[in-house]
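Asker: The structure's right below; bear with me while I get my questions together.
2 protein chains.
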Amino acid sequence: MSDVRAEYEELKARGLKLDLTRGKPASAQLDLSTPMLSLPGTSYRSADGTDTRNYGGLNGLAELRALFSGFLQVPASQLIVGGNSSLALMHDAIVHCLLGVPLGAARRWADAERVAFLAPVPGYDRHFALCERFGIELIPVAMTPAGPDMDEVERLVAADPAIKGIWCVPKYSNPDGTTYSAETVARLATMTTAAPDFRIFWDNAYAIHHLFDEEAELADLLALATEAGNANRVFVFGSTSKVTLAGSGVSFFGGSPETIAWFLGYMGKGTIGADKVNQLRHVEFLRDEDGVRAHMRAHADLIRPKFETVDRILSKELSGLATWSSPLGGYFISLSVPEGTAKEVVRRAAEAGIALTPAGATHPYGKDPSDSVIRIAPTFPDTAELEAAISGLAVCVRLGAAERA
Amino acid sequence: MSDVRAEYEELKARGLKLDLTRGKPASAQLDLSTPMLSLPGTSYRSADGTDTRNYGGLNGLAELRALFSGFLQVPASQLIVGGNSSLALMHDAIVHCLLGVPLGAARRWADAERVAFLAPVPGYDRHFALCERFGIELIPVAMTPAGPDMDEVERLVAADPAIKGIWCVPKYSNPDGTTYSAETVARLATMTTAAPDFRIFWDNAYAIHHLFDEEAELADLLALATEAGNANRVFVFGSTSKVTLAGSGVSFFGGSPETIAWFLGYMGKGTIGADKVNQLRHVEFLRDEDGVRAHMRAHADLIRPKFETVDRILSKELSGLATWSSPLGGYFISLSVPEGTAKEVVRRAAEAGIALTPAGATHPYGKDPSDSVIRIAPTFPDTAELEAAISGLAVCVRLGAAERA
Numbered sequence: 000m001s002d003v004r005a006e007y008e009e010l011k012a013r014g015l016k017l018d019l020t021r022g023k024p025a026s027a028q029l030d031l032s033t034p035m036l037s038l039p040g041t042s043y044r045s046a047d048g049t050d051t052r053n054y055g056g057l058n059g060l061a062e063l064r065a066l067f068s069g070f071l072q073v074p075a076s077q078l079i080v081g082g083n084s085s086l087a088l089m090h091d092a093i094v095h096c097l098l099g100v101p102l103g104a105a106r107r108w109a110d111a112e113r114v115a116f117l118a119p120v121p122g123y124d125r126h127f128a129l130c131e132r133f134g135i136e137l138i139p140v141a142m143t144p145a146g147p148d149m150d151e152v153e154r155l156v157a158a159d160p161a162i163k164g165i166w167c168v169p170k171y172s173n174p175d176g177t178t179y180s181a182e183t184v185a186r187l188a189t190m191t192t193a194a195p196d197f198r199i200f201w202d203n204a205y206a207i208h209h210l211f212d213e214e215a216e217l218a219d220l221l222a223l224a225t226e227a228g229n230a231n232r233v234f235v236f237g238s239t240s241k242v243t244l245a246g247s248g249v250s251f252f253g254g255s256p257e258t259i260a261w262f263l264g265y266m267g268k269g270t271i272g273a274d275k276v277n278q279l280r281h282v283e284f285l286r287d288e289d290g291v292r293a294h295m296r297a298h299a300d301l302i303r304p305k306f307e308t309v310d311r312i313l314s315k316e317l318s319g320l321a322t323w324s325s326p327l328g329g330y331f332i333s334l335s336v337p338e339g340t341a342k343e344v345v346r347r348a349a350e351a352g353i354a355l356t357p358a359g360a361t362h363p364y365g366k367d368p369s370d371s372v373i374r375i376a377p378t379f380p381d382t383a384e385l386e387a388a389i390s391g392l393a394v395c396v397r398l399g400a401a402e403r404a
Numbered sequence: 000m001s002d003v004r005a006e007y008e009e010l011k012a013r014g015l016k017l018d019l020t021r022g023k024p025a026s027a028q029l030d031l032s033t034p035m036l037s038l039p040g041t042s043y044r045s046a047d048g049t050d051t052r053n054y055g056g057l058n059g060l061a062e063l064r065a066l067f068s069g070f071l072q073v074p075a076s077q078l079i080v081g082g083n084s085s086l087a088l089m090h091d092a093i094v095h096c097l098l099g100v101p102l103g104a105a106r107r108w109a110d111a112e113r114v115a116f117l118a119p120v121p122g123y124d125r126h127f128a129l130c131e132r133f134g135i136e137l138i139p140v141a142m143t144p145a146g147p148d149m150d151e152v153e154r155l156v157a158a159d160p161a162i163k164g165i166w167c168v169p170k171y172s173n174p175d176g177t178t179y180s181a182e183t184v185a186r187l188a189t190m191t192t193a194a195p196d197f198r199i200f201w202d203n204a205y206a207i208h209h210l211f212d213e214e215a216e217l218a219d220l221l222a223l224a225t226e227a228g229n230a231n232r233v234f235v236f237g238s239t240s241k242v243t244l245a246g247s248g249v250s251f252f253g254g255s256p257e258t259i260a261w262f263l264g265y266m267g268k269g270t271i272g273a274d275k276v277n278q279l280r281h282v283e284f285l286r287d288e289d290g291v292r293a294h295m296r297a298h299a300d301l302i303r304p305k306f307e308t309v310d311r312i313l314s315k316e317l318s319g320l321a322t323w324s325s326p327l328g329g330y331f332i333s334l335s336v337p338e339g340t341a342k343e344v345v346r347r348a349a350e351a352g353i354a355l356t357p358a359g360a361t362h363p364y365g366k367d368p369s370d371s372v373i374r375i376a377p378t379f380p381d382t383a384e385l386e387a388a389i390s391g392l393a394v395c396v397r398l399g400a401a402e403r404a
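In order, the protein sequences belong to chains A and B.
With the first letter of the first sequence counted as 1, position 312 gets the number 311 in numbering that gives the first Met the number 0; the numbers rise by one all the way through.
With the first letter of the second sequence counted as 1, position 6 gets the number 5 in numbering that gives the first Met the number 0; the numbers rise by one all the way through.
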């Protein structure tokens with residue numbers, strides 16, 4: 000105990016200033032897309048001859064939709080290209096359900112007494128914040144190694160018509176890196192819901208963000224739901240924020256043909272369509288599916304060593320004391336420290352100059368009942384910084400555990 | 000009568016295919032911004048050193064806000080840069096009022112039994128469509144040469160707390176090219192409203208879109224409202240859609256410091272900020288206020304002849320029969336044909352291959368009670384096409400008038 004306390008005092012004395020809070024690409028990753036900064040150059044016509052510089056084209060360039068159709072498991076005709084933020088598309092989808100009438104519903108969500116979403120935990124804080132902002136209740140459901148606890152999900156959605164949605168990051172999930180099993184996806188597609196307007200918010204943010212040669216396979220939710228007569232249940236989201244440039248990518252919304260018509264009907268009131276020059280820029284830079292794959296391998300080569308560094312240090316420092324995920328892709332590692340110590344660990348790390356996502360952020364309302372989950376975002380710092388930060392974090396975890404023992 | 004009928008039959012026989020529907024820039028105008036297609040080149044840092052390629056920066060680059068601050072009459076610190084569509088910012092502002100609590104209000108607009116906006120007519124169809132989509136009632140108010148009929152506006156907003164807003168295109172208005180007088184702006188800033196959360200949607204879309212050396216002056220609404228203690232009444236909108244590239248510009252939202260904090264609070268839930276590389280691209284291309292002015296003069300040189308062509312043909316063909324605006328700026332000419340004939344004129348023009356904005360589109364619910372206003376958008380066609388279209392339109396107007404006489 001006095002040893003680890005001394006270690007912590009030493010750590011503080013080092014005066015670190017490190018940030019592991021958000022899943023931001025490192026500069027070296029952004030450099031991979033440097034050619035985009037001078038594209039499209041002099042060309043400005045899309046494949047069908049459209050002048051991308053002018054107004055129009057609500058659903059986005061056909062060639063860009065075709066390029067991501069396979070990766071996102073949505074037919075190109077059922078994809079819409081949005082602006083630089085898939086979160087904005089999720090925001091808009093909720094707004095359209097609140098202030099418009101969702102397919103299959105008799106009235107707007109805004110007119111319902113209560114609207115609730117299932118929140119698999121640990122999950123993504125920005126999903127939860129969107130619901131909190133709109134007064135949508137969040138009901139936590141535990142994540143398992145195969146995805147959300149489907150027995151619990153099925154029980155809840157069958158019983159309660161106020162439950163209108165579920166948040167899913169189905170591949171390399173934020174934060175624990177889980178990919179939903181084929182059975183989980185099939186059950187989501189076919190389950191009976193009390194709400195006729197139940198929606199799966201399928202945020203496939205890390206669809207192509209593999210770290211290793213071994214790639215996780217995700218079942219095709221939209222195809223399965225369509226087969227089961229539940230096509231309108233599925234809202235698919237994706238983006239190139241972590242493919243090309245984080246602030247200047249493109250986003251995607253996908254669903255059934257009926258859903259796309261519904262979405263475009265509302266979208267067309269609020270915009271003349273997203274930035275088509277940026278869409279053309281993406282097509283010219285990424286070219287084809289092989290181009291995308293090669294580009295994502297270059298990303299993996301830059302960030303895989305960082306994930307390995309975290310794993311190596313945690314294995315050395317915290318074996319038997321904590322557990323953590325070893326994801327095959329995505330942007331995060333989820334660290335489980337002894338119950339009741341996560342908040343204190345994060346507070347102590349901050350005091351030692353290591354900024355972490357607040358403990359609890361992975362849970363609705365910022366409340367992790369076990370106070371044990373810490374999200375680690377290893378991509379942004381360089382390796383030396385990352386080593387210092389994770390070693391420091393390990394000291395804080397050990398001190399927390401020692402005090403609790 | 001038979002003469003003009005014969006003329007119309009000849010017109011139809013020509014098999015034209017011309018489009019005067021929307022205020023789109025012509026290719027030659029977009030060419031002015033060709034250098035942007037290869038900007039920012041290799042640079043990607045904003046003036047304060049921010050890596051524009053990464054996440055972050057909700058309110059936009061300071062140098063871009065400074066560049067448009069004077070033109071939009073909003074202090075740079077009270078401007079937010081949005082995506083490629085100011086219409087989307089208007090959509091979002093309404094959503095924030097419907098689903099959040101507006102400053103000064105006790106509850107959300109969504110919880111009010113009735114929400115109404117004043118719609119100066121003729122006005123912009125997309126403004127009206129936004130309200131219709133959200134079930135916001137539109138109350139028409141007549142435009143005068145000095146802006147909306149302020150006696151009527153003051154009477155209505157003082158009497159009815161359900162009236163929460165007014166749509167204004169205060170400079171070179173859509174469609175009649177009017178610039179609000181200093182008195183109109185002062186009255187809007189200081190008038191008594193029954194609703195504590197009344198908002199002026201100040202869509203300053205044509206702030207710098209002069210056609211001639213003589214430029215209209217617009218009084219500073221935000222400054223006047225602030226002086227009168229009504230700072231939160233003002234929502235300012237602007238964009239570069241008709242400055243740089245129509246589909247790939249940037250948009251602006253401005254207001255009081257309190258309004259900006261309120262807006263960012265909601266905006267931050269739904270996005271990580273707009274495309275900063277595109278913001279940098281704009282700064283590099285436009286450089287400074289003089290750069291913007293020179294660029295806008297180049298636009299004017301391209302489109303002024305088109306406005307003059309319309310004026311010349313209408314003067315020759317329709318003097319004494321119709322009236323039309325001769326705007327100093329903006330994108331439209333408003334044509335007033337004999338009462339009760341506009342719909343028929345537009346129908347006949349379409350039959351002759353000349354597409355016009357539907358008669359009535361300039362009024363809420365598409366209903367122009369006098370059936371006399373036709374909006375002409377002269378910028379997109381080339382001069383030969385424009386001459387053919389306006390000459391053809393004149394034939395349709397004369398035929399309509401002859402039938403009615």
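Where is the CB? At the ideal position from N, CA and C, for every residue including glycine.
Since this is a predicted model, take the numbers as computed values, not measurements.
Would you say B:Lys16 reaches chain A, if we count a Cβ-Cβ gap shorter than 7 Å as a contact?
Answerer: For the purposes of this step, residue 16 of chain B is taken as residue 17 along the second sequence, with counting starting at 1. Cβ-Cβ to chain A under 7 Å: no for B:Lys16.
Asker: According to the Cβ coordinates, are B:Phe379 and B:Lys23 closer than 7 Å?
Answerer: Residue 379 of chain B sits at position 380 when you count from the first residue of the second sequence. Residue 23 of chain B sits at position 24 when you count from the first residue of the second sequence. Closer than 7 Å, so yes.
Asker: Going by Cα to Cα distance, which pick from A:Thr243, A:Pro144, A:Gly103 and A:Arg232 is closest to A:Ser32?
Answerer: Here residue 32 of chain A is taken as the residue at index 33 of the first sequence, counted from 1. It is A:Thr243 whose Cα lies nearest to the Cα of A:Ser32.
Asker: Using 8 Å for Cβ pairs, my map puts A:Met89 next to A:Leu129. What's the rounded Cβ distance?
Answerer: The residue given as residue 89 of chain A occupies position 90 in the first sequence. The residue given as residue 129 of chain A occupies position 130 in the first sequence. Right, their Cβ atoms sit about 6 Å apart.
Asker: Are the region 190 to 200 of chain B and the region 348 to 356 of chain B touching, with three or more C-beta to C-beta distances below 8 Å?
Answerer: Too few Cβ pairs lie closer than 8 Å, so no.
Asker: Kindly list, in the order they appear in chain B, the residues whose Cβ is closer than 8 Å to that of A:Leu123.
Answerer: As a first step, residue 123 of chain A is located in the first sequence; it is residue number 124 there, counting from the start. The identity of residue 123 of chain A in the sequence shown is Tyr, whereas the question assumes Leu. Here the premise fails: no neighbours, minimum Cβ distance about 13 Å.
Asker: What does the alpha-carbon distance come out to for the pair B:Pro101 and B:Pro195?
Answerer: Residue mapping note: residue 101 of chain B aligns to position 102 of the second sequence, counting from 1. Residue mapping note: residue 195 of chain B aligns to position 196 of the second sequence, counting from 1. Roughly 9 Å separates the two Cα atoms.
Asker: Does chain B have any CB closer than 7 Å to the CB of A:Val276?
Answerer: The residue you call residue 276 of chain A lines up with position 277 of the first sequence. By this cut-off, A:Val276 is an interface position.
Asker: Buried or exposed: which applies to B:Lys315, given that a residue is buried once 16 or more other Cβ atoms fall within 10 Å of its Cβ?
Answerer: Here residue 315 of chain B refers to the residue found at position 316 of the second sequence. Exposed.
Asker: Where does A:Met94 fall in DSSP's three states?
Answerer: Residue numbering aside, residue 94 of chain A sits at position 95 when the first sequence is read from its first letter. A small fix is needed here, since residue 94 of chain A is Val in this sequence, not Met. The answer is helix: DSSP assigns A:Val94 an H, G or I state.
Asker: Short of 8 Å in beta carbon distance, which residues of its chain neighbour B:Leu327, apart from the five on each side in sequence? Order them along the chain.
Answerer: Working through the second sequence from its first residue, we reach residue 327 of chain B at position 328. If we look at B:Leu327 and ignore the five residues flanking it on each side, its Cβ neighbours are Tyr171, Gly176, Thr178, His209, Leu210, Phe211, Glu213, Glu214 and Ala215.
Asker: Got a sec, what are the start and stop residues for the alpha helix (DSSP H) B:Trp261 sits in?
Answerer: Start at 1 with the first residue of the second sequence, and residue 261 of chain B comes out as number 262. Segment Pro256 to Gly269, the alpha helix (DSSP H) holding B:Trp261.
Asker: At a Cβ cut of 7 Å, what residues of the region 128 to 155 of chain A count as close to chain B, listed as they run along the chain?
Answerer: Residues Ala128, Leu129, Arg132 and Phe133.
Asker: Would you kindly report the start and end of the unbroken alpha helix (DSSP H) that includes A:Asp202?
Answerer: Numbered from 1 along the first sequence, position 203 holds the residue referred to as residue 202 of chain A. Not the alpha helix (DSSP H): A:Asp202 falls in the beta strand (DSSP E), residues Arg198 to Asp202.
Asker: Could you spell out the range, first to last residue, of the beta strand (DSSP E) harbouring B:Met142?
Answerer: For the purposes of this step, residue 142 of chain B is identified with residue 143 of the second sequence, where counting begins at 1. Per DSSP, B:Met142 belongs to the beta strand (DSSP E) from Glu136 to Thr143.
Asker: For A:Thr192, tell me which candidate among A:Arg21, A:Val156, A:Ser180 and A:Ala299 has the shortest Cα-Cα distance.
Answerer: Start at 1 with the first residue of the first sequence, and residue 192 of chain A comes out as number 193. When each option's Cα is compared against that of A:Thr192, the closest is A:Val156.
Asker: At 3 residues or longer, what runs of the beta strand (DSSP E) sit wholly inside the region 304 to 384 of chain B?
Answerer: Correct list: 332 to 335 and 372 to 375.
Asker: Let me know if B:Ala204 comes out buried or exposed under the rule of 16 or more other beta-carbons within 10 Å of its beta-carbon.
Answerer: In the second sequence, residue 204 of chain B corresponds to position 205, counting from 1. So B:Ala204 ends up on the buried side.
Asker: Determine the chain B residues that contact A:Gly272 at a beta-carbon separation under 9 Å, and present them in chain order.
Answerer: The residue given as residue 272 of chain A occupies position 273 in the first sequence. Residues of chain B passing the Cβ test: Asn83, Ser84 and Gly246.
Asker: Looking only at its chain, what residues have a beta carbon closer than 6 Å to the beta carbon of B:Ile332, apart from the 5 residues adjacent to it on each side?
Answerer: In the second sequence, the residue the question calls residue 332 of chain B occupies position 333. The answer, listed in chain order, is Val309, Trp323, Ser324 and Ile375.
Asker: Quick one: does A:Ala260 have its CB under 7 Å from some CB of chain B?
Answerer: Position 261 of the first sequence holds residue 260 of chain A. By this cut-off, A:Ala260 is not an interface position.
Asker: Starting from the C-beta of A:Ala188, find all residues in its chain whose C-beta is less than 7 Å away, skip the five residues before and the five after it, and write them out in chain order.
Answerer: For the purposes of this step, residue 188 of chain A is taken as residue 189 along the first sequence, with counting starting at 1. Around A:Ala188: Leu220, Leu223, Ala224, Ala227 and Asn229.
Asker: Could you tell me the distance, in whole angstroms, from the CA atom of A:Pro337 to the CA atom of A:Gly319?
Answerer: Here residue 337 of chain A corresponds to residue number 338 of the first sequence, with the count starting at 1. Here residue 319 of chain A corresponds to residue number 320 of the first sequence, with the count starting at 1. When rounded, the distance between both Cα atoms is 10 Å.
Asker: Give me the Cα-Cα distance between B:Lys366 and B:Val114, rounded to the nearest whole angstrom.
Answerer: Along the second sequence, read from residue 1 onward, the residue named residue 366 of chain B stands at position 367. Along the second sequence, read from residue 1 onward, the residue named residue 114 of chain B stands at position 115. Roughly 20 Å separates the two Cα atoms.
Asker: When DSSP builds the beta bridges, which residues end up paired with A:Ser147?
Answerer: In the first sequence, counting from the first residue as 1, residue 147 of chain A sits at position 148. The amino acid at residue 147 of chain A is misidentified as Ser; the sequence shows Pro. Beta-bridge pairing links A:Pro147 to A:Met142.
Asker: Taking only runs of the beta strand (DSSP E) that begin and end inside the region 177 to 246 of chain A, which ones reach a length of at least 3 residues, in chain order?
Answerer: With a minimum length of 3 residues, the continuous beta strand (DSSP E) runs that stay inside the region 177 to 246 of chain A are 198 to 202 and 233 to 238.
Asker: Short of 7 Å Cβ to Cβ, which residues in the region 162 to 195 of chain B face chain A?
Answerer: Under the 7 Å Cβ criterion, the region 162 to 195 of chain B contributes no residue.
Asker: Taking Cβ-Cβ distances shorter than 8 Å, what residues in chain B pair up with A:Tyr364?
Answerer: Numbered from 1 along the first sequence, position 365 holds the residue referred to as residue 364 of chain A. Simply none; closest approach about 14 Å.
Asker: Output, in sequence order along the chain, the residues in the region 62 to 96 of chain A whose CB is closer than 7 Å to any CB in chain B.
Answerer: Hits within the stretch, in order: Gly82, Asn83, Ser84, Leu86, Ala87, His90 and Val94.
Asker: List the residues that DSSP assigns as beta-bridge partners of A:Ala115.
Answerer: Within the first sequence, residue 115 of chain A is the residue found at index 116, counting from 1. Its beta-bridge partners are A:Glu136 and A:Ile162.
Asker: With the cut-off set at 7 Å, would you say B:Ala341 and B:Val396 are in Cβ contact?
Answerer: Within the second sequence, numbered from 1, the residue matching residue 341 of chain B stands at position 342. Within the second sequence, numbered from 1, the residue matching residue 396 of chain B stands at position 397. It is not a contact, given that the beta carbons lie outside the stated cut-off.
Asker: Given this structure, state the Cα-to-Cα distance separating A:Gly55 from B:Arg232, to the nearest angstrom.
Answerer: To locate residue 55 of chain A, count along the first sequence from 1; it is residue 56. To locate residue 232 of chain B, count along the second sequence from 1; it is residue 233. The straight-line gap from Cα to Cα measures roughly 32 Å.
Asker: Tell me the rounded alpha-carbon separation between B:His362 and B:Pro121.
Answerer: Within the second sequence, numbered from 1, the residue matching residue 362 of chain B stands at position 363. Within the second sequence, numbered from 1, the residue matching residue 121 of chain B stands at position 122. If you take the alpha carbons of B:His362 and B:Pro121, they lie about 6 Å apart.
Asker: Measuring CB atoms only, is the region 35 to 44 of chain B touching the region 382 to 401 of chain B, in the sense that at least three cross pairs come out at less than 8 Å?
Answerer: Touching, no.
Asker: I want to see whether chain B comes within less than 7 Å of A:Ser1, judged by CB atoms only; does it?
Answerer: Position 2 of the first sequence holds residue 1 of chain A. No - not a single Cβ of chain B is within 7 Å of the one on A:Ser1.
Asker: On a CA-only basis, which of B:Asn58, B:Arg52, B:Ser1 and B:Leu71 is nearest B:Val291? Give me that one, please.
Answerer: As a first step, residue 291 of chain B must be located in the second sequence, where it is residue number 292. With distances taken between Cα atoms, B:Val291 lies closest to B:Leu71.
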